[in-house]
């Protein structure tokens, strides 16, 4: 993964993968758009089941999603995609209050969970081009830049996509933010419970209501950080392991494609 451009509120990056790999229980913090360029992406969504996106398709991942996905390259070409992450405040500016569709929307049915926007609609190319052009223009006044970055989200809403406003107070989000302050720290659930002013038993019940155990949240936070460092830096595996609170053997498993299986 290579980060191409960032405008503070929006980040654009390129994903390239030569071999098939499955990533289980990935946590999507910010709203994420995945524009598939080559190969296919298979996603298991808790709401919409199995989804498969091919060349030209756009996948929309809502903030706070836990997903299992598989990137599948072609026989003669790597899997390639371009990703865009949107800051929470941009999403809240477009998708606020009770869900409803604008006049002229493609469908009157509310679209929740992860969704595929098919290539036939010919809207994804326009969205990505607008984002890239806006980020590349350094001399655009901030209010105009923000307005342009909101337009792709308005396109999504016009197409019938509904995204719930991000909720920073979700148990998983709050715990993840704490853990990510120092992934090398030997976190224990008792320590995290004290931080949030509750007993360990209450903490376990609090997390159980969201369907996620503390150990899994910690493991995924470390694995995801390790994967990003492996794909975006030339840092040795042993150092990445230390920075993520893992052993070298565990990070090597990620590098070989088995870390999330």
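Numbering (UniProt numbering), first residue to last: 1 to 261.
Glycine is no exception: its CB is placed at the ideal position from the N, C-alpha and C atoms.
Across which residues does DSSP place residue i in a beta bridge pair?
{"i": "residue 160", "result": "DSSP, once it has assigned bridges, lists no residue as partnering residue 160."}
{"i": "residue 50", "result": "44"}
{"i": "residue 10", "result": "86"}
{"i": "residue 28", "result": "65"}
{"i": "residue 72", "result": "40"}
{"i": "residue 80", "result": "16, 38"}
{"i": "residue 117", "result": "58"}
{"i": "residue 22", "result": "70"}
{"i": "residue 33", "result": "60, 84"}
With residue i and residue j assumed to form a contact (beta carbons below 8 angstroms), what rounded beta-carbon distance in angstroms separates them?
{"i": "residue 58", "j": "residue 124", "result": "4 angstroms"}
{"i": "residue 45", "j": "residue 113", "result": "5 angstroms"}
{"i": "residue 61", "j": "residue 27", "result": "Contact doesn't hold; Cβ gap of about 10 angstroms is too wide."}
{"i": "residue 165", "j": "residue 95", "result": "6 angstroms"}
{"i": "residue 210", "j": "residue 171", "result": "5 angstroms"}
{"i": "residue 184", "j": "residue 229", "result": "13 angstroms between Cβ atoms; not a contact."}
{"i": "residue 128", "j": "residue 9", "result": "No, residue 128 and residue 9 are not in contact; Cβ-Cβ is about 16 angstroms, not under 8 angstroms."}
{"i": "residue 53", "j": "residue 116", "result": "5 angstroms"}
{"i": "residue 176", "j": "residue 217", "result": "6 angstroms"}
{"i": "residue 36", "j": "residue 56", "result": "7 angstroms"}
{"i": "residue 31", "j": "residue 68", "result": "About 19 angstroms separates the two Cβ atoms, so there is no contact after all."}
{"i": "residue 156", "j": "residue 93", "result": "No, residue 156 and residue 93 are not in contact; Cβ-Cβ is about 13 angstroms, not under 8 angstroms."}
Quick one: is residue i buried, meaning 16 or more other Cβ sit within 10 Å of its Cβ, or exposed?
{"i": "residue 244", "result": "buried"}
{"i": "residue 82", "result": "buried"}
{"i": "residue 85", "result": "buried"}
{"i": "residue 196", "result": "exposed"}
{"i": "residue 220", "result": "buried"}
{"i": "residue 63", "result": "buried"}
{"i": "residue 191", "result": "exposed"}
{"i": "residue 222", "result": "buried"}
{"i": "residue 19", "result": "exposed"}
{"i": "residue 224", "result": "buried"}
{"i": "residue 226", "result": "buried"}
{"i": "residue 194", "result": "exposed"}
{"i": "residue 126", "result": "exposed"}
{"i": "residue 145", "result": "buried"}
{"i": "residue 181", "result": "exposed"}
{"i": "residue 11", "result": "buried"}
{"i": "residue 79", "result": "buried"}
{"i": "residue 100", "result": "With a pLDDT of 44 at residue 100, under the threshold of 50, the modelled position of that residue is not reliable, and the figure given next carries that caveat. Exposed: under 16 other Cβ atoms inside 10 Å."}
Please go through the UniProt domain "HTH araC/xylS-type" (173-261) and give each complete alpha helix (DSSP H) segment of 4 or more residues, from N-terminal end onward.
-> 189-195, 200-208, 214-232, 237-244, 248-255
Evaluate contact between the region 160-178 and the region 124-136, counting only Cβ atoms and requiring at least three cross-stretch pairs below 8 angstroms.
-> Taking 8 angstroms as the limit for Cβ pairs, the verdict is that the region 124-136 does not touch the region 160-178.
Assess, as a yes-or-no matter, whether the region 60-75 is touched by the region 24-41 under the definition of 3 or more beta carbon pairs within less than 8 angstroms.
-> yes
Does the count of Cβ pairs from the region 228-238 and the region 200-215 closer than 8 angstroms reach three?
-> no
Inside the region 130-160 only - alpha helix (DSSP H) runs reaching at least 4 residues | 142-158
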